[in-house]
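Working notes for the structure below.
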Amino acid sequence: MKDYKLMIAVLTVAIVWGTTFLSIRVAVETIPAWFVAGIRQFLAAVIIFCILLYRKQFQWIGWKNLAYQIIFSLLMLVVANGMTTVAEETVTSSVTSLISACSPIIVFLGSAAFGLQKITLKSLVGVLMSFSGIVFIFWHGVRDLANPAYAKGIIFLFIAIAGWASGTIFTKKLNIQTENIFLNLFYQFSFAGVLQIIFAFMFSEDYNFGNWSFKSVAAMIYLAVFGSVAAFFAFHYALTKISAVQVSILAYINTVISIFLSWLILDEKITWKFIVAAVLIILGVFIINYKRSMFKQRKIRLTRS
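Set out below in structure tokens:
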């Protein structure tokens with residue numbers, strides 16, 4: 000009998016996370032980027048708080064665990080998500096999604112530097128292939144780099160990737176086990192939301208709320224409800240049925256969906272050079288992560304907490 004819940008979870012992750020770059024681009028059309036990021040995280044925290052209260056699982060996590068969650072939040076939400084949102088004020092969603100797809104490469108290189116990963120011939124081929132894809136991206140938009148705002152956006156994207164990679168490596172290095180990841184997420188989202196809203200008032204030149212369009216506000220709410228909460232729940236449900244490596248394959252689907260929607264809805268120009276770049280980067284990341292056992296069904300034992 001087919002597991003329809005798993006199918007729904009996988010489709011939710013693939014489709015929803017494939018629309019986040021598009022949604023961010025729409026949201027920042029009339030709303031300053033830090034407001035988009037901050038309100039998104041804060042709304043996600045409120046939703047998770049309500050879920051925790053309903054499940055009677057809300058509790059204090061202790062100062063030591065809180066310190067870890069703040070570090071995770073700074074790296075992966077404030078820096079990675081926040082800077083990506085800021086970048087999309089000047090960089091197209093298709094370019095953003097493609098450059099962001101390179102984050103596993105940075106994670107791999109960082110993990111190798113800390114002795115958490117071994118460099119093999121296969122992984123080296125994958126790294127070189129992905130970086131050649133990056134070369135094609137800049138070949139595709141080399142004239143745009145003459146625009147200071149666009150160049151700054153590209154720099155912000157690489158800062159975002161560095162933040163995400165650092166958070167991922169930090170998690171691997173500490174190897175922290177948690178019984179209730181949703182509880183930790185509440186503290187992460189809360190900290191990031193408050194800090195980013197403070198940033199919004201500090202760094203936004205014009206935050207006249209009357210100028211915020213309904214479309215941008217709707218996109219921001221979509222990011223909070225679906226991008227930050229629904230997709231995350233679906234992601235972790237999928238992890239109870241299939242392996243983490245199998246679920247990670249969805250990242251490649253996300254990138255393809257994002258590029259397609261950017262072309263279809265936002266009318267972003269997609270050239271043959273851009274397509275070559277996408278193929279090289281996705282193949283490179285796949286080669287690095289590929290294992291013979293990655294498509295085998297994983298058997299796990301579920302226990303009640």
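Numbering follows numbering that gives the first Met the number 0, with no gaps: position 227 of the sequence shown is 226.
Glycine is no exception: its CB is placed at the ideal position from the N, C-alpha and C atoms.
Quiz prompt | Exposed unless 16 or more other CB atoms sit within 10 angstroms - verdict on Gln-187 | solution = buried
Self-check item: Proximity to Leu-73 [Cα-Cα], best of Met-128, Phe-190, Asn-210 and Leu-222
Solution: Phe-190
Quiz item: So what's Trp-163 in DSSP terms, helix, strand or just coil?
Solution: helix
Exercise. Check Val-27 in the structure and name its three-state DSSP category.
Key: coil
Practice problem: With DSSP as the reference, label Ala-100 as helix, strand or coil. | Solution: coil
Quiz item: In terms of residue numbering, what span does the alpha helix (DSSP H) encompassing Lys-63 cover?
Solution: 62–71
Quiz item: Straight-line CA distance for Phe-48 to Phe-135?
Solution: 44 Å
Quiz item: Looking at the structure shown, is Thr-119 part of a helix, part of a strand, or coil, going by DSSP?
Solution: coil
Self-check item: Ile-256 and Ile-14 closer than 8 Å at C-beta
Solution: yes
Quiz item: How many angstroms separate the CA atom of Ala-230 from the CA atom of Ala-100?
Solution: 18 Å
Quiz item: Looking at Ala-43 and Gly-81, is the spacing between their C-beta atoms short of 8 Å?
Solution: no
Practice problem: Report all residues from its chain with a CB closer than 6 Å to the CB of Val-85; omit the five preceding and five following residues, and keep chain order. | Solution: Ala-32 and Phe-155
Practice problem: Select from Gly-209, Leu-21 and Leu-108 the residue whose C-alpha is nearest the C-alpha of Thr-91. | Solution: Leu-21
Practice problem: With Leu-52 as the anchor, note down where its alpha helix (DSSP H) starts and where it stops. | Solution: 32–54
Quiz item: Between Thr-18 and Leu-222, what straight-line distance do the alpha-carbon atoms span, to the nearest angstrom?
Solution: 9 Å
Quiz item: Grouping DSSP H, G and I as helix and E and B as strand, with all else coil, what is Tyr-221?
Solution: helix
Quiz prompt | CB contact flag (Gly-61, Ile-287, <8 Å) | solution = no
Quiz item: Should Val-278 go down as buried or exposed, given a rule of 16 or more other Cβ atoms within 10 Å for buried?
Solution: exposed
Practice problem: Check whether the Cβ atoms of Trp-262 and Ser-93 sit closer than 8 Å, and answer yes or no. | Solution: yes
Quiz item: Would Ser-227 count as contacting chain B if we go by Cβ distances under 8 Å?
Solution: Of the protein chains in the structure, only one exists, and it is not chain B.
Practice problem: Using the Cα positions of Lys-117 and Ala-111, report the straight-line distance between them to the nearest angstrom. | Solution: 6 Å
Quiz prompt | Buried versus exposed, by CB contacts within 10 Å (16 or more), Ala-8 | solution = buried
Practice problem: Taking the CB atoms as reference points, tell me whether Ile-158 and Phe-113 lie closer together than 8 Å. | Solution: no
Quiz item: By Cβ distance, which residues of its chain are closer than 8 Å to Leu-65, with the 5 residues on each side in sequence left out?
Solution: Tyr-186
Quiz item: If you count every other CB in all the chains shown that lies within 10 Å of the CB of Trp-16, and 16 or more means buried, which is it?
Solution: buried
Practice problem: Could you tell me whether the Cβ atoms of Val-284 and Ser-129 are closer together than 8 Å? | Solution: yes
Quiz item: In whole angstroms, what separates the C-alpha of Asp-205 from that of Asn-179?
Solution: 39 Å
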